[in-house]
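Numbering (this note's numbering), first residue to last: 1 to 437. The C-beta atom is built at its ideal place from N, Cα and C for all residues, glycine as well. Quick notes on the structure that follows.
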Ligand SMILES: *Cc1c(COP(=O)(O)O)cnc(C)c1O
């Protein structure tokens, strides 16, 4: 019967994310219109021999001998997570995906699989707050040094490379400044370096693609090795679940599988089912709507006298507009600047800008209807926050400035409301800032 089916590869990615594949290697759900939720922490084994084979085959992609893999135990793999993984690999145009219970679980796996004691990481200078503390604190305790550099200049990492360098870590657009990195140029530089390094000292490029979601940017197609995501954000999209994912080539399957098996942080089947059935299948719809509103709001903010500057990849004034044009495009090839905006409030001094940021946040917390003071992003509802005193408080104040963060910088994650309603709330709040100035 399956031979008569049309080939999913002939359809667009948004349509494929809605339909998925009719079955995974281990499991057939083709009778269901929506895949069923399964909940069984362990699986019945046909014989002791088959159970033993199932265990040995786990995580050994390279050594499979053609037999059908079986489910043994949830943490190793289960139907709903595997369906989500297959769909995420389609979304990112990768070969394999692994899900984790949080984005940080995925960041740790995506970097950690490549590290040995004494290995070094070179990271873009502006990264998610907890990634920064993973690098500057937790990895440092394991004798893995992390160096930060401004990767908006593609070759800035070259002087930091030595025999111990194993990972080049990127975030683009970066959180919260929306700095954008030229992934093509970086991938070429790393490829040239790797051509002269032995296999076990190759540098692996890893990117956190949470801000753009695969709808706007697919780094593997630009030559990056590993993509990590917080599924908590734009991919799950409704603001009700946490999750993380690593998407890469088959080559790294065994090593990343080992990290999830041994360190845990597996995703629960029910959450995997929700992210698959509600989140990923509506990704294209939600992000198209969000970025249409984001463009209108970015233009409104740019024209506002209380605002010093606006960073949005869709604006002509965006400092990395050319890179953005090459990196950010949807599955049809249209420019896809995304739903994240960063803007800076004017002030007499840095401290004055910071104070105005707080006035705006407090005003919104008390009065706004459809803009919510909260961390996180990529939800149905528009969220606003002041990174300097909230998400990026783990960076010391002078490090924030060094990394291009403005003391009065505000991060806005656009939801699916009517753009004019959002502008109404922002207008009132900016008026309050002007009055309180
Ligand atoms: C939220 C976030 C993370 C961490 O994800 P959790 O699901 O909260 O663990 C990592 N990177 C970026 C860019 C994020 O926004």
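N- and C-terminal bounds of the alpha helix (DSSP H) containing residue i
i: residue 216; result: 213-216
i: residue 16; result: 13-19
i: residue 436; result: 419-436
i: residue 50; result: 48-57
i: residue 181; result: That residue, residue 181, is in no alpha helix (DSSP H); it is neither H nor E in DSSP.
Residue i to residue j span [Cα, whole Å]
i: residue 184; j: residue 431; result: 42 Å
i: residue 1; j: residue 329; result: At residue 1 the pLDDT is 47, less than 50, meaning the model places this residue with poor confidence and gives no usable figure here.
i: residue 60; j: residue 253; result: 8 Å
i: residue 18; j: residue 81; result: 16 Å
i: residue 26; j: residue 58; result: 13 Å
i: residue 247; j: residue 362; result: 39 Å
i: residue 142; j: residue 238; result: 36 Å
i: residue 181; j: residue 124; result: 9 Å
i: residue 8; j: residue 90; result: 11 Å
i: residue 51; j: residue 208; result: 36 Å
i: residue 269; j: residue 257; result: 17 Å
i: residue 317; j: residue 279; result: 32 Å
i: residue 296; j: residue 236; result: 24 Å
i: residue 68; j: residue 54; result: 9 Å
i: residue 203; j: residue 170; result: 13 Å
i: residue 76; j: residue 106; result: 15 Å
i: residue 48; j: residue 36; result: 28 Å
i: residue 437; j: residue 356; result: 7 Å
i: residue 293; j: residue 119; result: 44 Å
i: residue 190; j: residue 223; result: 10 Å
i: residue 263; j: residue 30; result: 33 Å
Closest Cα partner of residue i within the set the options
i: residue 217; options: 263, 93, 278; result: 93
i: residue 438; options: 85, 36, 343, 164; result: Outside the displayed range of the chain (1 to 437) lies residue 438, so it cannot be described from this structure.
i: residue 45; options: 29, 70, 39; result: 70
i: residue 339; options: 396, 283, 23, 7; result: 283
i: residue 286; options: 334, 391, 174, 379; result: 379
i: residue 197; options: 161, 112, 232; result: 161
i: residue 309; options: 291, 409, 352; result: 409
i: residue 205; options: 159, 240, 151; result: 151
i: residue 95; options: 129, 221, 436, 179; result: 221
i: residue 419; options: 40, 289, 367; result: 289
heavy atom of ligand 2 below 6 Å from residue i C-beta
i: residue 295; result: This structure lacks ligand 2; the ligands present are ligand 1.
Residue i Cβ short of 6 Å to ligand 1 heavy atom set
i: residue 405; result: no
i: residue 390; result: no
i: residue 175; result: yes
i: residue 103; result: yes
i: residue 132; result: no
i: residue 268; result: no
i: residue 242; result: yes
i: residue 208; result: yes
i: residue 230; result: yes
i: residue 128; result: yes
Opening and closing residue of the beta strand (DSSP E) in which residue i lies
i: residue 229; result: 226-230
i: residue 165; result: 165-171
i: residue 371; result: 371-373
i: residue 361; result: Not the beta strand (DSSP E): residue 361 falls in the alpha helix (DSSP H), residues 350-367.
i: residue 413; result: 409-413
i: residue 383; result: 382-385
i: residue 345; result: 340-345
field: Ranges of the alpha helix (DSSP H) found wholly within the stretch 71-151, counting only runs of at least 4
entry: Listed in chain order, the alpha helix (DSSP H) elements of length 4 or more contained wholly in the stretch 71-151 are 79-92, 103-112, 129-133.
message: For a minimum of 4 consecutive residues, which ranges assigned as the alpha helix (DSSP H) are wholly contained in the stretch 248-332?
response: Restricted to the stretch 248-332, the alpha helix (DSSP H) segments that are unbroken, complete and at least 4 residues in length are 253-263, 269-274, 283-302, 321-327, listed in chain order.
- prompt: In chain order, which beta strand (DSSP E) runs of at least 3 residues are fully inside the stretch 21-46?
  reply: Those beta strand (DSSP E) runs which fall completely within the stretch 21-46 and span 3+ residues do not exist here.
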